[in-house]
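Written out below as structure tokens is the structure these notes cover.
2 protein chains.
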Amino acid sequence: MTGKTASDPDPQRAQRADAQRNRARILDAARTVVDEQGTQASLRDIARRAGVGMGTFYRHFPTRDALLQTLLCQGFDRLSVKADSLAAAAAPEEALMEWLRDFTAGSTAYRGLAASMMTTLSDESSPLHASCLAMREAGARLLKRAQDAGRIRADVDGTDLFALVNAVSWIAEQAPSVAARREHLFSLVMDGLTRRP
Amino acid sequence: MTGKTASDPDPQRAQRADAQRNRARILDAARTVVDEQGTQASLRDIARRAGVGMGTFYRHFPTRDALLQTLLCQGFDRLSVKADSLAAAAAPEEALMEWLRDFTAGSTAYRGLAASMMTTLSDESSPLHASCLAMREAGARLLKRAQDAGRIRADVDGTDLFALVNAVSWIAEQAPSVAARREHLFSLVMDGLTRRP
DNA sequence: ACCTGAACACCGTTCAAGT
DNA sequence: ACCTGAACACCGTTCAAGT
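Chains as they are written, first to last, in this note's numbering: chain A, 1 to 197; chain B, 198 to 394.
So this is what it looks like as structure tokens:
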């Protein structure tokens, strides 16, 4: 125990008021710019729009992934939770499909997101690594359940499924003509994984 | 008719000796650097390695696509020809699969190639547009043939097939763990397109 | 005709100097 | 503690000056 009393704010969270405000401004700007330019958005543009020096930007978010984490982490965690509640509530195949629908909607929220997820999954030092991996594992449990029920091919694992779904999301970003057929491509792939009676 | 005689070299092809040598050097360097860095390789690096000024580089290849064209066009054309000869020689499904095998091998030759092909297909001003489109159309004819023979789902078109195959090639570039499963992902997708008896 | 390399407008990242 | 903005090393692209 130190001299710290109950009324002291948590030292880990204590921040000067201007620092807190700058952080919020950066995040606001980031949401806008990433929305426009995708996950590879210019960090300078974000700092500029936030009205903040580059040093301030880097002090708050030392890497691009640190910034993306605060934008994406919530969504990843939400999908992890949703997978588990679907596992308890819905039929195996329907649960998986419903989850994938939700996942795909999220993965097309920002341009470049599918690519960022793949990068973050193979980079253990990324602050997004853990939550993205947890989300994939949660999806993998839904997959396993559908496989055990005999509804999905047995020779597919969570990595395969995640890769295929991200591959479709990515390709849809590459050309408007493909984007228009995204749902169709998605169902072609999922039909292929489904065991027909 | 102008004063041009038969012994004049083709004025369109006439080039000073140093220009011809520089062009060859740039292409040599490009092959090496694109091999190392992918289709998004630094153009400066290529010019440097070729021992040539930036102006010279741009004089010979005014855009990145103009450079890629000379590296990739032959391969595209070869695959177009191969599609037509397979259509004449092999059973519909086998012909399609053999062609896709060949196509995939080519599309993984350089990192970023799948992305470049998608870009070039939606950019009519790209010098690669025509030959890439021709290749896709040649593949589409093999697809149609296999569909007419009842071996492939009827609700797939050449754009879908091309998109799916490129999506798998791209995803395999994103992580070594996925690269190791590339063949498996490819067969999952193709199985899905195949009509089972 | 062709080549060169500096110049320009951008990046991401770091860091000395300020408050 | 935190902020600023210049500095550095890159990039793609253009262009005046040379031969």
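Even glycine gets a Cβ: it sits at the ideal position worked out from N, Cα and C.
Would you say the beta carbon of residue i is closer than 7 Å to some non-hydrogen atom of the ligand GTP?
i     : result
A/P62 : Inclusion of the ligand GTP in the displayed structure is not the case, the ligand content being empty and no account of it being possible.
Of all Cβ atoms in chain A, is any one closer than 8 Å to the Cβ of residue i?
i      : result
B/I368 : yes
B/R378 : yes
B/Q234 : no
B/H381 : yes
B/L385 : yes
B/Q371 : yes
Return no unless some Cβ of chain B is closer than 8 Å to the Cβ of residue i.
i      : result
A/A140 : no
A/S177 : yes
A/V168 : yes
A/D77  : no
A/D191 : yes
A/A163 : yes
State the Cα-Cα distance for the pair residue i and residue j, rounded to the nearest angstrom.
i      : j      : result
A/S107 : B/A221 : 44 Å
A/M118 : B/Q371 : 6 Å
B/L361 : A/V168 : 7 Å
A/I46  : B/S313 : 28 Å
B/A263 : A/T194 : 43 Å
B/R245 : B/H326 : 28 Å
A/D148 : A/A91  : 12 Å
B/A285 : A/R111 : 42 Å
B/E380 : B/W296 : 15 Å
B/T267 : B/A247 : 16 Å
A/N22  : A/T120 : 26 Å
A/A172 : A/L188 : 14 Å
A/D102 : B/A311 : 27 Å
B/Y255 : B/C270 : 19 Å
B/L240 : B/D232 : 13 Å
A/E93  : B/W367 : 28 Å
A/G127 : A/R16  : The question names Gly, yet the displayed sequence has Pro at residue 127 of chain A. Distance between the alpha carbons of A/P127 and A/R16 is about 24 Å.
B/T253 : B/I223 : 9 Å
A/L185 : B/G272 : 27 Å
B/K279 : A/K82  : 48 Å
Buried or exposed, going by whether 16 or more other CB atoms sit within 10 Å of the CB of residue i?
i      : result
A/T63  : exposed
B/Q169 : Residue 169 of chain B cannot be examined here, being either before or after the span of chain B that is shown, 198 to 394.
A/R160 : For the record, residue 160 of chain A in the displayed sequence is Asp; it is not Arg. That one is buried.
B/A226 : buried
B/S322 : exposed
A/A198 : A query on residue 198 of chain A cannot be resolved here, the shown segment of chain A reaching from 1 to 197 and no further.
B/R333 : buried
A/A41  : buried
How many whole angstroms separate the CB atoms of residue i and residue j, which I take to be in contact at a CB cut-off of 8 Å?
i      : j      : result
A/D157 : A/A140 : 7 Å
A/L96  : A/L142 : 5 Å
B/S328 : B/D274 : 6 Å
B/A335 : B/S277 : 4 Å
B/T229 : B/L265 : So it is not a contact: roughly 14 Å between Cβ atoms.
A/G192 : B/D388 : 6 Å
Anything in the stretch 296-326 of chain B with a Cβ closer than 8 Å to a Cβ of chain A? List those residues in chain order, please.
For the stretch 296-326 of chain B, residues whose beta-carbon sits nearer than 8 Å to a beta-carbon of chain A comprise A312, M315, T316, L318 and S319.
Any residues in the stretch 337-358 of chain B with a beta carbon nearer than 7 Å to a beta carbon of chain A? Which ones, in chain order?
Flagged, chain order: V353, T356 and D357.
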